[in-house]
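Working notes, structure below.
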């Protein structure tokens, strides 16, 4: 017969192996993935950050590349989908630029998440992600606009109260190229479909639905 | 005759009005300037941040605007000059792009400094700065390269040990246009000379020499 102490030990071991209970709003990828998991790392950076730099071809500055600080969201907390949505006004040059030339990139760093520790922001092990593609206006009457607003307003609550007469509109980045540095040895090759489909078939705490 | 209590009170009042003693390495502008002080705010953002997003015209991506996370320094601690210096390798696309087309912008946010509190990163009162100009290679034999290395290595100590065979070089941004949002009402007009000369003639804790 098994001793009570042994049964307690087995119970503790089983408990330690159990996934944490699902909680609404819990991050989909709850810690930095390993460097070998490129698509997971890119999705983690997109899901954990709430702001980045959106670069456009500047119409005010004769075609110079113009980076601007923007807030974004790729889903409500706990439901990250990888597509960045923005809430922009043409009072700001970024939206005006995109309506003339929609080539755009969104750049994110691991550094502000606090997980790089004392590693320099330019060190390749402090991950950095650039999503390049087209910045597109989302039809405000579409169901996609409703999803995008829910994604944006849940992570940026003050947006909902921004002045109506500034005519904010929803934009999204249609991703065509992914540049990820998360380790030594140069950028990791990730296709937009690998990035967007990451997690669809995973079970447990990493499931993205 | 004046009472001892009165003399003590006067001494305390005088002490309270004295400027804080100068300390090596103390920030030149030790708190966020008022929204009316545009050049000071821009210099504060450049001096307090240590990393940002450098955007170039991508040669790999058919001329798309490409933002990349980089570290920079505009002076040794306590001696901010406003010109951002970078330590880049052509193993990375940003330096390669700049050597083909030197049009570049550096984008900085107040948000990672922690002084925006709960204000959204896109809110105009959470300051954002874009310096647009030309990214130029600095002659490694010049005295400017020595100053730039001192500026970079004092704020990014690990840079000094980065691999020699990666051929890092010093680059600088020659600023031609300044875009600052630090309050409601649109970007503040600041000329590059106003920005670069800010503080040269100020006395006391704000003196920049």
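Residue numbers (the numbering used here), protein chains in the order written: chain A, 658 to 866; chain B, 658 to 866.
Ideal placement from N, C-alpha and C gives every residue a C-beta, glycine not left out.
Go to residue 800 of chain A, then tell me how far its alpha helix (DSSP H) extends in each direction, as first and last residue.
Per DSSP, residue 800 of chain A belongs to the alpha helix (DSSP H) from 800–812.
Using the three-state DSSP reduction, which class does residue 789 of chain A fall into: helix, strand or coil?
Correct three-state label for residue 789 of chain A: strand.
Quick check on DSSP: helix, strand or coil for residue 781 of chain B?
Three-state DSSP puts residue 781 of chain B in coil, outside helix and strand.
Quick one: does residue 744 of chain A have its CB under 9 Å from some CB of chain B?
Between residue 744 of chain A and chain B, the shortest Cβ-Cβ separation is below 9 Å.
Pairs of beta-carbons, one from the region 728–737 of chain A and one from the region 771–778 of chain A, closer than 8 Å: are there three or more?
The answer is no - the region 771–778 of chain A does not touch the region 728–737 of chain A, with fewer than three Cβ pairs under 8 Å.
Is DSSP giving residue 834 of chain B helix, strand or coil here?
Here residue 834 of chain B sits in strand by DSSP.
Three-state secondary structure assigned by DSSP to residue 753 of chain A:
Helix at residue 753 of chain A.
Neighbourhood of residue 717 of chain B by C-beta, 7 Å cutoff - its chain only, sequence neighbours within 5 removed:
Only 750 meet the Cβ criterion.
Min CB distance residue 748 of chain A to chain B below 9 Å:
Closer than 9 Å to some Cβ of chain B, the Cβ of residue 748 of chain A qualifies, so yes.
Check each candidate in B:829, B:837, B:792 and B:842 and name the one with the smallest Cα separation from residue 722 of chain A.
Nearest neighbour of residue 722 of chain A by Cα position, chosen from B:829, B:837, B:792 and B:842, turns out to be B:792.
Report buried or exposed for residue 829 of chain A, applying the criterion of at least 16 other Cβ atoms within 10 angstroms of its Cβ.
Per the 10 Å Cβ criterion, buried.
Buried or exposed for residue 741 of chain B, going by 16 or more other Cβ atoms inside 10 Å?
By the beta-carbon neighbour count (other beta carbons within 10 angstroms, threshold 16), residue 741 of chain B is buried.
In whole angstroms, give me the CA-to-CA distance for residue 788 of chain B and residue 836 of chain B.
Their backbone Cα atoms lie some 6 Å apart in a straight line.
Just how far apart, CA to CA, sit residue 824 of chain A and residue 807 of chain B?
Rounded to whole angstroms, the separation of the alpha carbons of residue 807 of chain B and residue 824 of chain A is 47 Å.
Which residues in the same chain as residue 699 of chain A place their Cβ atom closer than 7 Å to its Cβ, once the five residues preceding and following it in sequence are excluded?
These residues qualify, in order along the chain: 786, 835, 837, 847 and 852.
If you run the structure through DSSP and keep just helix, strand and coil, what is residue 767 of chain B?
When secondary structure is reduced to three states using DSSP, residue 767 of chain B falls in the coil class, being assigned neither helix nor strand.
Beta-carbon gap between residue 720 of chain B and residue 760 of chain A smaller than 9 Å
Judged by their CB atoms, residue 720 of chain B and residue 760 of chain A are nearer to each other than the 9 Å cut-off.
9 Å is my cut-off, CB to CB: does residue 766 of chain A come that close to chain B?
So, interface residue.
If I measure Cβ to Cβ from residue 817 of chain B and keep anything under 7 Å in the same chain, skipping five residues before and after, which residues do I get?
810, listed in sequence order.
Which of the three DSSP states, helix, strand or coil, is assigned to residue 707 of chain B?
In the three-state DSSP reduction, residue 707 of chain B falls in the coil class, being neither helix nor strand.
State the DSSP-derived secondary structure class of residue 747 of chain B, mapped to helix, strand or coil.
In the three-state reduction of the DSSP assignment, residue 747 of chain B falls in the coil class.
Option nearest residue 767 of chain B by Cα separation, candidates A:701, A:708 and A:696
The candidate whose alpha carbon is nearest that of residue 767 of chain B is A:708.
Chain A beta carbons: is any one of them nearer than 9 Å to that of residue 843 of chain B?
A Cβ of chain A is located within less than 9 Å of the beta carbon of residue 843 of chain B.
Rounded Cβ spacing between residue 777 of chain A and residue 815 of chain B (contact assumed at less than 8 Å)
That pair is a contact at about 5 Å.
Which residues mark the beginning and the end of the alpha helix (DSSP H) in which residue 849 of chain A is found?
Start and end: 849–854.
Determine, using beta carbons only, whether residue 744 of chain B and residue 840 of chain B come nearer to each other than 9 Å.
The Cβ atoms of residue 744 of chain B and residue 840 of chain B lie no closer than 9 Å to each other.
Note down, in chain order, all residues in the region 698–724 of chain A with a beta-carbon under 9 Å from any beta-carbon belonging to chain B.
Of all residues in the region 698–724 of chain A, 707, 708, 709, 710, 711, 712, 713, 714, 715, 717, 718, 719, 720, 721, 722, 723 and 724 have a Cβ within less than 9 Å of some Cβ in chain B.
Alpha carbon of residue 782 of chain A to alpha carbon of residue 795 of chain A, nearest angstrom:
Counting only the Cα atoms, residue 795 of chain A lies some 35 Å from residue 782 of chain A.
Which stretch, first to last residue, makes up the beta strand (DSSP E) that contains residue 728 of chain A?
Run containing residue 728 of chain A: 722–728, per the beta strand (DSSP E) assignment.
Which of the three DSSP states, helix, strand or coil, is assigned to residue 772 of chain A?
Of the three classes helix, strand and coil, the one that applies to residue 772 of chain A here is coil, per DSSP.
Take residue 757 of chain B as the anchor and find which of B:713, B:765 and B:729 has the nearest alpha-carbon.
Measuring from the Cα of residue 757 of chain B, the nearest candidate turns out to be B:713.
Would residue 794 of chain B count as contacting chain A if we go by Cβ distances under 9 Å?
Among the CB atoms of chain A, none fall inside 9 Å of the CB of residue 794 of chain B.
Mind checking whether residue 710 of chain A and residue 779 of chain B have CB atoms under 9 Å apart?
No, the pair does not count as a contact, with Cβ atoms beyond the cut-off.
Option in A:763, A:755 and A:746 with minimal Cα separation from residue 826 of chain A:
In this structure, A:746 is the residue among A:763, A:755 and A:746 with its C-alpha nearest to the C-alpha of residue 826 of chain A.
Strictly under 9 Å for the Cβ-Cβ distance: is residue 778 of chain A near chain B by that measure?
By this cut-off, residue 778 of chain A is an interface position.
In chain A, what lies closer than 7 Å to residue 760 of chain B by C-beta?
At a C-beta separation below 7 Å, residue 760 of chain B has these neighbours in chain A: 721 and 722.
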